[in-house]
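What follows is one structure encoded as structure tokens, with my remarks underneath.
Residue numbers (the working numbering), protein chains in the order written: chain A, 1 to 250; chain B, 251 to 500.
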């Protein structure tokens, strides 16, 4: 049974200001929820049609019917469980390796995919500009497929962050007129890669702080494709940085 | 002014069977529509609030109000123009280069992104299994951002297609236990790359026809990411095949 207040709380968490106020976010689906539990996230409430699939404290677990879950869920096909987790405190920063920074990425699906890519490529530090979509937005949480539990994400004034790092770090950014990424020098030590907004790319203010402009070459006869989606561009860029290490080591 | 019959026709084109029956598909937005016109697609009807932006025959062009366009459009923010184009006849096949084949990709956004990637990486031949989402689905058309006009897409019995090509072509497929793509031999001549379904990957029947299994290496300490999204995996794979040519040539 789900109370009116619980429904109201869950509904409010689709908005960033209430997530911030309650320090809670929504995760849906057995696999995703269990990944957050395993990663040490603090469970606040669990609503599920299959409570035997979770090893959690009874006081936190509400058995619900499929109809009730459907009312709570924003997914087209509800995933047997919806949980509220506490938004964790930020971990200590470690910028010694490869850091990814996002300059106003606005689409939740793109941010979710990028977080999953960070997890895949072992990038644990993700810096988001203040205008980047909130990583605890339910659509982002679902798109990360659990990777959100393994990547440290910080929302900072990106200009200020890069100004602080520019003397110790190399700052890369993708531009159409950059050096071809295949042959450009790339390092995974004290390096920051900036990826830009879907429509506008990297903003002029941030561009001034980029020390190494790189480009993903385009192929074929016509070369009319205007740009790559920011998530697919990120996958190519992270792959290029990591492959250098891989091919050196083996 | 939009007639009731025109509204009905446009609405019906959201379903594959009516697109097939009428040989028409929907494209929205000034840029996308002009790319189809420039690429030689046959315009059937254009509904726009800004007819001065198009150089098309008056008999095909209907000036509409924003309110009318909103009724026709499936986009959250209608894009000033909606057009119906004829679905073109298939061009002659040319499988001598790098061919991409999709084994039941089901998400329209993923197929759209993959078509855009083919365009970027100069892959003009895309083979889709019969179960792959229709490339003239309006969501796919929008996600391709005009790239659909530059990639030849064929829906075939994928098993039969690969059986026909297996004696002359190398057939690559991505699997978790494949050879690392960085060091695996890769050729862009008479090569087919198979990418699998979002949930199930490459099906067992198709797997048997793959001659070269490749894998995208995973990095970091935990390596718990289960898989990459099929569109981001495709971007990495196409980049890896093309970069070999690029770095050899330069």
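For every residue, glycine included, the Cβ atom is placed at its ideal position computed from N, Cα and C.
Which ranges does the beta strand (DSSP E) cover as unbroken runs of at least 3 residues, wholly within the segment 18 to 61 of chain A, from first to last along the chain?
Within the segment 18 to 61 of chain A, the complete beta strand (DSSP E) runs of at least 3 residues are 24 to 28 and 43 to 48.
Once the 5 residues before and after residue 168 of chain A are set aside, which same chain residues still bring their CB inside 7 Å of it?
Mapped onto the first chain, residue 168 of chain A falls at position 168. Contacts found: 190.
What's the gap between the Cα of residue 68 of chain A and the Cα of residue 75 of chain A?
Counting from 1 along the first chain, the entry for residue 68 of chain A is found at position 68. Counting from 1 along the first chain, the entry for residue 75 of chain A is found at position 75. For residue 68 of chain A and residue 75 of chain A, the distance between alpha carbons rounds to 13 Å.
What residues from chain B crowd round residue 174 of chain A, counting only those whose CB sits closer than 9 Å?
Position 174 of the first chain, counted from the start, is the residue given in the question as residue 174 of chain A. The contacting residues do not exist; residue 174 of chain A stays about 13 Å from chain B at best.
Within the 8 Å Cβ cut-off, does residue 226 of chain A reach chain B?
Looking up residue 226 of chain A in the first chain gives position 226. Judged by the 8 Å Cβ criterion, residue 226 of chain A is in contact with chain B.
Could you please give the first and the last residue of the uninterrupted alpha helix (DSSP H) stretch that includes residue 118 of chain A?
Walking along the first chain from the start, residue 118 of chain A turns up at place 118. Unbroken alpha helix (DSSP H) run through residue 118 of chain A: 108 to 120.
Step through the CB atoms of chain B and report whether any lies within less than 8 Å of the CB of residue 101 of chain A.
For this step, residue 101 of chain A is matched to residue 101 along the first chain. Closer than 8 Å: no.
At a CB distance below 9 Å, what residues from the segment 194 to 225 of chain A approach chain B? Give them in sequence order.
The segment 194 to 225 of chain A vs chain B, Cβ under 9 Å: 216, 217, 218, 219, 220, 221, 222, 223, 224 and 225.
Look up residue 379 of chain B in the DSSP assignment and give the residues it is bridged to.
Here residue 379 of chain B refers to the residue found at position 129 of the second chain. DSSP output for residue 379 of chain B lists B:406 as bridge partner(s).
Is residue 204 of chain A buried or exposed, if buried means 16 or more other CB atoms sit within 10 Å of its CB?
Position 204 of the first chain, counting from 1, holds the residue named residue 204 of chain A. By the 10 Å Cβ count, residue 204 of chain A comes out exposed.
Chain A partners of residue 367 of chain B, CB-CB under 9 Å?
Within the second chain, numbered from 1, the residue matching residue 367 of chain B stands at position 117. What residue 367 of chain B touches in chain A: 225, 228, 229 and 232.
Specify whether the segment 152 to 159 of chain A and the segment 205 to 212 of chain A touch according to this definition: at least 3 beta carbon pairs, one from each stretch, less than 8 Å apart.
Short answer: they touch.
Is it a yes or a no for the segment 129 to 145 of chain A touching the segment 94 to 114 of chain A, going by three-plus beta-carbon pairs under 8 Å?
The segment 129 to 145 of chain A, when compared against the segment 94 to 114 of chain A, does touch it at the 8 Å Cβ threshold.
How many whole angstroms separate the CB atoms of residue 90 of chain A and residue 24 of chain A, which I take to be in contact at a CB cut-off of 8 Å?
By 1-based counting over the first chain, the position of residue 90 of chain A is 90. By 1-based counting over the first chain, the position of residue 24 of chain A is 24. At roughly 16 Å, the Cβ-Cβ gap does not stay under 8 Å, so residue 90 of chain A and residue 24 of chain A are not in contact.
Hey, residue 140 of chain A and residue 108 of chain A: beta-carbon distance below 8 Å or not?
In the first chain, the residue the question calls residue 140 of chain A occupies position 140. In the first chain, the residue the question calls residue 108 of chain A occupies position 108. It is a contact, given that the beta carbons lie within the stated cut-off.
Find the nearest neighbour of residue 66 of chain A within the set A:164, A:2 and A:137, judged by alpha-carbon distance.
Here residue 66 of chain A corresponds to residue number 66 of the first chain, with the count starting at 1. Closest by alpha carbon: A:2.
What are the start and end residues of the alpha helix (DSSP H) that includes residue 457 of chain B?
Working through the second chain from its first residue, we reach residue 457 of chain B at position 207. Counting along the chain, the alpha helix (DSSP H) containing residue 457 of chain B begins and ends at 454 to 457.
If we cut at 8 Å on Cβ distances, does residue 239 of chain A have a partner in chain B?
As a working note, residue 239 of chain A is residue 239 in the first chain. Interface residue, yes.
Whole angstroms are fine: how far does the CA of residue 234 of chain A sit from the CA of residue 215 of chain A?
Within the first chain, residue 215 of chain A is the residue found at index 215, counting from 1. Within the first chain, residue 234 of chain A is the residue found at index 234, counting from 1. If you take the alpha carbons of residue 215 of chain A and residue 234 of chain A, they lie about 12 Å apart.
Give me the chain A residues within the contact set of residue 397 of chain B, using Cβ-Cβ distance strictly less than 7 Å, ordered along the chain.
As a first step, residue 397 of chain B must be located in the second chain, where it is residue number 147. Here the neighbours are 225.
Measuring alpha carbon to alpha carbon, tell me which of A:163, A:219, A:4 and A:64 ends up nearest residue 491 of chain B.
Indexing the second chain from 1 puts residue 491 of chain B at position 241. For the residues A:163, A:219, A:4 and A:64, the minimum Cα distance to residue 491 of chain B belongs to A:219.
Given residue 314 of chain B, which residues of its chain have a CB within under 7 Å of its CB, disregarding the five upstream and five downstream residues?
Here residue 314 of chain B is taken as the residue at index 64 of the second chain, counted from 1. Excluding positions up to five away in sequence, the list reads 252, 297, 298 and 299.
Residues of chain A with CB under 7 Å from residue 363 of chain B, in chain order?
For the purposes of this step, residue 363 of chain B is taken as residue 113 along the second chain, with counting starting at 1. Correct list: 229 and 232.
Residue 486 of chain B touches chain A at which residues, Cβ-Cβ below 8 Å?
As a first step, residue 486 of chain B is located in the second chain; it is residue number 236 there, counting from the start. Result: 235, 236 and 239.
Counting only the same chain and skipping the five closest in sequence on each side, list residues whose C-beta sits under 6 Å from that of residue 123 of chain A.
Here residue 123 of chain A is taken as the residue at index 123 of the first chain, counted from 1. Once the five neighbours on either side are set aside, the close Cβ partners of residue 123 of chain A are 98 and 100.
By a C-beta neighbour count over all protein chains shown, 10 Å radius and 16 as the cutoff for buried, is residue 40 of chain A buried or exposed?
Along the first chain, one-based indexing puts residue 40 of chain A at 40. Answer is exposed; the Cβ neighbour count stays below 16.
What's the gap between the Cα of residue 285 of chain B and the Cα of residue 404 of chain B?
As a working note, residue 285 of chain B is residue 35 in the second chain. As a working note, residue 404 of chain B is residue 154 in the second chain. Their backbone Cα atoms lie some 20 Å apart in a straight line.
Consider the Cβ of residue 279 of chain B: report whether some Cβ of chain A lies at a distance smaller than 8 Å.
One-based indexing of the second chain puts residue 279 of chain B at position 29. No - not a single Cβ of chain A is within 8 Å of the one on residue 279 of chain B.
Closest to residue 495 of chain B by C-alpha separation, out of B:392, B:436 and B:442, would be which residue?
Within the second chain, the letter at position 245 stands for residue 495 of chain B. Ranking the options by Cα distance to residue 495 of chain B, first place goes to B:436.
Does DSSP put residue 394 of chain B in a helix, a strand or coil?
If you number the second chain from 1, residue 394 of chain B lands on position 144. Residue 394 of chain B falls in the helix class under three-state DSSP.
Does any CB atom of chain B fall closer than 8 Å to the CB of residue 85 of chain A?
Here residue 85 of chain A refers to the residue found at position 85 when the first chain is read from its first residue. It does not; no Cβ of chain B falls within 8 Å.
By a C-beta neighbour count over all protein chains shown, 10 Å radius and 16 as the cutoff for buried, is residue 449 of chain B buried or exposed?
Stepping through the second chain from its first residue, residue 449 of chain B is reached at position 199. By the 10 Å Cβ count, residue 449 of chain B comes out exposed.
DSSP on residue 355 of chain B, reduced to helix/strand/coil?
The residue labelled residue 355 of chain B in the question sits at position 105 within the second chain. Of the three classes helix, strand and coil, the one that applies to residue 355 of chain B here is coil, per DSSP.
Look at residue 321 of chain B and residue 279 of chain B and say whether their C-beta atoms are less than 8 Å apart.
Taking the first residue of the second chain as 1, we reach residue 321 of chain B at position 71. Taking the first residue of the second chain as 1, we reach residue 279 of chain B at position 29. Cβ atoms of residue 321 of chain B and residue 279 of chain B: not closer than 8 Å.
Quick check: what's the CA-CA separation for residue 424 of chain B versus residue 195 of chain A?
Locating residue 424 of chain B in the second chain gives position 174, where the first residue counts as 1. Locating residue 195 of chain A in the first chain gives position 195, where the first residue counts as 1. C-alpha separation (whole angstroms): 27 Å.
Which term fits residue 471 of chain B, buried or exposed, when burial requires 16 or more other beta carbons within 10 angstroms of its beta carbon?
Position 221 of the second chain holds residue 471 of chain B. That one is exposed.
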